[in-house]
Every structure is written in structure tokens, then in C-alpha cells.
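In what follows, a structure is listed as C-alpha cells, so that the remarks can point back to it.
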Amino acid sequence: VYHKVFLPNYGVFDEERYFAVGHRCPIFEIAGIRISVSICEDCWYPAGPMAWQADHGAEVLININGSPYHAGKRVEREKMVAERASDYGAFVAYVNTVGGQDELVFDGNSVVFGPRGEMLAHASSFAEELLLCDINAGAVPFHRPLEKIRHEAEGAARLELEVTDIVLEGALSAKRGAIERRMAEPLEGAAEIYTAVVLGIHDYVHKQNFKKVLIGMSGGVDSALTAAVAADALGPENVIGVRMPSRHTSAESLEDAGAVAEALGIQLLDFPIEPAHHGFEEVLTDAFKGTRPGIAEENIQPRIRMTILHALSNKLGYIVLSTGNKSELATGYGTLYGDIAGGYAVLKDLTKTTVYDLCRYRNSLSQVIPDRVITKPPSAELKPDQRDSDSLPPYEKLDPILQGYIEQDLSPEELVAAGHDPATVARVIELVDRSEYKRRQAPPGVKITPRAFGRDRRMPIVNRYSPNGARSST
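In this text, residue positions in the sequence shown follow the working numbering: the first is 2, and each later residue adds one.
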């Protein structure tokens with residue numbers, strides 16, 4: 002048994018809370034070949050267990066992983082593994098799991114590197130498979146940079162590791178032909194992100210034994226992308242779109258929602274909400290007397306819609322997919338117990354600009370999202386002539402600020418120095434800080450960026466401090 006030596010305690014990881022640090026480094030000898038095993042984080046430290054194992058003669062270093070995906074991580078990971086193989090003059094097999102677990106997606110992309118840091122085999126992205134690779138373990142001694150290994154091993158000595166040799170009986174299989182080299186082409190860019198989201202929703206739904214999903218279809222870009230992802234992940238026969246028009250829903254939005262449903266081949270239900278909307282207005286007439294119509298009246302509509310979706314969910318046993326994106330969730334541009342609610346938030350870690358990118362990518366495979374859905378100004382359609390830009394900066398300006406503040410921990414001064422308008426920066430930071438209470442009540446969603454809302458970014462709801470000097474308020 003190998004006990005992990007380095008326990009990550011950052012981001013989504015809390016391993017120090019649950020596990021004890023290991024101190025043994027077993028090396029297994031099979032038919033004269035010395036093989037070591039380590040776990041995930043142990044590989045990220047040059048002077049870690051793998052250096053110790055290499056110094057004690059391990060020729061093949063196997064590192065087993067449950068390494069969560071985020072965009073760009075594969076490249077960073079492979080660079081690190083190549084360095085370990087070259088530094089230790091050994092074969093390194095980096096084995097990663099595949100699948101979704103709550104917010105996390107594991108992307109596979111297992112890889113084997115040779116003692117010169119050369120890639121020998123690469124498994125597929127986001128797909129389970131058996132990766133086989135021919136190696137010549139006898140060549141390892143000729144590539145070993147002994148002084149470098151010993152230097153790293155001396156650094157690892159402070160860990161007080163104990164190396165145990167375990168000889169396993171048996172012999173290698175009889176001679177056979179060479180195995181064909183497997184070098185899968187890894188996914189990149191929008192294709193990588195889209196596939197990650199598809200896998201995340203597929204596993205979340207199936208592992209909880211839900212048969213179908215429900216999606217409120219507004220005719221906008223977010224619900225269109227959510228429906229496309231769900232249809233690709235679960236099959237169109239398992240996706241039910243629901244149109245719930247109000248007095249403010251345009252004819253174009255109804256047409257666009259219908260066009261998306263038809264292109265995807267999903268079922269589409271209609272539940273006009275005007276009778277319920279009118280009923281709520283009557284019930285609240287006395288309580289609202291003497292006040293000006295505003296957000297409270299607008300938010301009745303998404304709460305009615307979510308009540309319908311959850312009534313269907315409760316009756317039919319299907320899960321509701323919410324359609325909000327990271328830009329909206331970051332700034333609180335969504336209705337608590339309305340469009341923010343749901344069983345799983347497919348776009349939770351995708352900014353609005355990324356949503357547009359993924360729509361265009363999906364259409365490059367087959368046209369399922371009408372061009373008008375992508376090009377029309379985004380609107381919640383909760384009042385006449387409403388536009389997202391009435392409440393938020395344009396997304397092409399908003400999203401880079403959100404990325405800097407949330408994912409890179411940039412201060413207001415650093416954001417301004419990067420070229421962003423000072424007033425816009427102050428406004429965006431205030432929106433982000435005062436919306437934590439909404440995010441805390443949002444459903445889980447697929448982690449795509451290096452820092453997603455939730456376990457990645459743990460902020461208090463009650464917080465007097467604000468980086469721009471304004472008191473946050475809920």
C-alpha cells in the first residue's frame with residue numbers, strides 16, 4: 002500500500018482534513034524491472050517521493066491521479082511530467098481518471114514519457130481507454146542524470162521517507178509483436194471546454210439515476226447552449242424544453258426557442274405564465290400600494306417559471322438544469338429562487354463571451370442554434386425593451402474584469418493598470434462582492450476555469466470589507 006506524501010489543501014482540495022501523510026515509498030520489482038508508484042500531488046514536487054524512488058533505482062515511475070480538469074491544465078501538466086522524466090532519467094506513466102463528480106470533471110489525457118523527456122504515448126481526452134506502450138527499461142541507466150537525481154533526493158530526504166523493495170513473483174509474457182504507438186490528438190480550445198461540459202452533465206445526471214432533464218427555453222443564447230449540451234450528453238429523447246412566455250416575451254424569442262428545440266430534436270412543452278403572473282399581481286396589490294413598479298414585480302416572472310419547472314420535476318422525477326452563466330452569477334444578475342435555482346447549473350463556470358464561443362463551436366459541428374439567437378442583444382425580457390446592457394457593462398468589457406478579479410486575484414488598482422475603466426472596475430467589484438449570498442444558494446455546476454465559484458473561492462457572505470472601499474450589502 003502506498004500512502005500519499007503531499008496532501009493538497011487548496012482550491013477544491015481538503016485532503017489534510019481527511020488523510021494522514023505517508024512516509025513509505027515502495028518499489029516493486031517485476032521480472033527484474035523496478036517500478037514505483039506515487040499519487041497525484043507527489044508528482045508536482047521535484048524533490049518529492051519520485052526523486053527518492055528514482056535514486057533507489059526505480060526505472061518506471063507510475064503516478065496515479067484524480068486530477069480535476071480546468072481549461073489549459075493539460076498543457077501545464079504534460080510540461081511538468083516531461084520534466085520529471087527528464088530529471089530522473091526514467092519512464093514516467095501519468096495515469097488520470099475520466100468522468101464527472103459533482104462540480105469536477107476528470108479529463109483523462111493519460112500520458113507516458115521516456116527518460117529524455119520525450120512523449121511516448123497519449124490517451125484520449127475525456128474518454129476511457131486502455132493505453133498500452135512499449136518501453137525499454139534496460140535503457141534507463143544510460144540516461145540517468147545521477148547528480149541531478151541525488152540532488153533532488155537529498156531535498157526529499159527531509160520527508161523522512163522509507164523505501165521498501167517488494168519483489169513480485171512471475172515473469173513477463175512471451176515475446177510478441179510491437180504494440181502500435183498510441184498518440185491521441187488532445188482536444189483544445191472550445192472543443193475541449195464543450196466536451197468537458199458534456200461529460201460533466203452526463204455523469205451528474207446518470208450517476209444520480211435521473212432519466213431526463215428539464216430546461217426552461219427562453220429563446221436566448223444560454224438556454225440554447227444548455228439544451229445543446231444536454232442533448233449531446235444525454236440524447237435528445239431525454240431532454241425536455243419548456244417555453245413559459247409572459248406579456249414581455251417577444252414573438253422572436255418564442256420562434257427561436259422552437260427552432261432550437263426542432264434542430265436538436267427535443268420535446269418542447271408550453272406553459273404561458275400570464276394567468277399566474279396576473280394572479281400574483283392581484284394578491285400583492287395592497288402590499289405594493291404606493292410604491293413604484295420595479296425589480297420585485299419583474300422577479301415574480303422567473304419565480305413562476307421555476308415553480309412550473311420544479312413542479313414538473315417533482316411529478317415526473319426529472320432534474321431541472323438551470324441556464325445562468327458565470328458573468329450573471331458573478332454580478333448577481335439573476336433571480337434568487339427563480340432562474341438561479343435548479344438541480345445543476347451547466348454554464349455556471351462559463352462567462353457570457355465563452356457561451357457565445359461554444360455556441361459557434363457547436364454550430365460548426367451541425368447548425369442547431371439559429372444565428373439570430375447568437376447575434377441579438379441579450380435580454381431577460383422581464384419588462385418592455387429590456388437589455389442586459391441596461392444593468393451590466395457590455396460583456397466584452399465585463400468578462401475580462403471578472404476573470405482578473407475572480408480567477409487571478411487582481412486588485413482594483415491592478416485591473417485599472419491593465420487598462421480597464423476605473424468606474425467600471427469599482428462597479429463590477431461591488432456587484433461581485435455583494436452577490437455572494439446568491440451564489441451560495443446556486444446549484445453546483447461544471448468547473449471549467451482555474452477558479453470556479455464554490456469550493457475554489459470561499460468568501461464570507463457577511464463581509465464589511467470591500468477592496469474598492471464601499472461596504473458590501475446583501
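All C-beta atoms, glycine included, are put in the ideal place defined by N, C-alpha and C.
- The continuous stretches of beta strand (DSSP E) do not include His249, and DSSP gives it neither H nor E.
- Within its own chain, the residues whose Cβ lies closer than 7 Å to the Cβ of Pro9, once the five positions on either side in sequence are excluded, are Glu16, Glu42, listed in chain order.
- Put simply, the backbone Cα of Tyr345 is about 21 Å away from that of Ala192.
- The straight-line gap separating the alpha-carbon atoms of Ala264 and Tyr357 is approximately 18 Å.
- With respect to the C-alpha of Met245, the residue from Ile449, Glu275, Pro371, Ile180 having the closest C-alpha is Glu275.
- The C-alpha of Trp45 is placed about 26 Å away from the C-alpha of Leu200.
- Here Asp400 is buried: its Cβ has 16 or more other Cβ atoms, across all protein chains shown, within 10 Å.
- Counting along the chain, Asp422 sits inside no alpha helix (DSSP H), nor does DSSP assign it H or E at all.
- With distances taken between CA atoms, Gly49 lies nearest to Lys5 out of Ala419, Gly33, Lys5.
- Nearest to Val214 by C-alpha distance, out of Arg361, Pro116, Leu317, is Leu317.
- Around the beta carbon of Gly220, a 10 Å sphere encloses 16 or more other beta carbons of the protein chains shown; the residue is thus reported as buried.
- At a Cβ-Cβ threshold of 8 Å, Thr332 and Leu393 count as neighbours.
- In this structure, the beta-carbon distance from Ala59 to Ser87 does not fall below 8 Å.
- In the three-state scheme derived from DSSP, where H, G and I count as helix and E and B as strand, Phe281 is classed as helix.
- Close CB contacts of Arg75 within its chain, under the 7 Å cut and outside five residues either way in sequence, are with Asp108, Asn110, Pro187 (chain order).
- Contact check between the region 363 to 381 and the region 402 to 415: fewer than three CB pairs, one atom from each, fall below 8 Å, which does not count as touching.
- Look at the region 106 to 144 and you find these whole runs of beta strand (DSSP E), each 3 residues long or longer: 112 to 114, 120 to 123.
- The alpha-carbon of Leu348 is positioned some 16 Å away from that of Gly339.
- By the beta-carbon neighbour count (other beta carbons within 10 angstroms, threshold 16), Pro423 is exposed.
- Taking C-beta atoms under 8 Å as the contact rule, Ala122 and Arg183 qualify, at a distance of about 5 Å.
- Note that the region 89 to 99 touches the region 60 to 70; at least 3 beta-carbon pairs, one per stretch, sit closer than 8 Å.
- A direct Cα-to-Cα measurement between Ser323 and Ser390 gives close to 22 Å.
- A straight line joining the alpha-carbon of Arg440 with that of Tyr205 spans about 20 Å.
- Short of 6 Å from the beta carbon of Arg456, and not among the five residues preceding or following it, lie these beta carbons of its own chain, in chain order: Val13.
- Counting the other CB atoms within 10 Å of its CB gives Asp135 a total below 16, which places it among the exposed residues.
- Here the C-alpha atom of Val417 lies approximately 42 Å from the C-alpha atom of Phe20.
- Rounded to whole angstroms, the separation of the alpha carbons of Thr355 and Val426 is 20 Å.
- Of the candidates Ala55, Val2, Val321, Val321 places its Cα closest to the Cα of Val240.
- Restricted to the region 374 to 460, the alpha helix (DSSP H) segments that are unbroken, complete and at least 4 residues in length are 396 to 403, 413 to 418, 423 to 435, 437 to 440, listed in chain order.
- The straight-line gap separating the alpha-carbon atoms of Arg304 and Lys327 is approximately 20 Å.
- Inter-residue distance for Lys212 and Ala128 is about 22 Å (C-alpha atoms, whole angstroms).
- Distance from the CA of Phe289 to the CA of Gly266, rounded to the nearest whole angstrom, comes to 43 Å.
- Excluding sequence positions up to five before and after Glu299, its CB lies within less than 7 Å of the CB of Leu383, Lys384, all in the same chain and listed in chain order.
- Fully contained in the region 34 to 105 are the following beta strand (DSSP E) runs of length 3 or more, in chain order: 34 to 40, 61 to 66, 92 to 97, 99 to 102.
- The beta-carbon distance between Asp103 and Pro445, rounded to whole angstroms, is 5 Å. This is short enough to meet the 8 Å contact definition.
- Buried is the label assigned to Thr227, since at least 16 other Cβ atoms lie within 10 Å of its Cβ.
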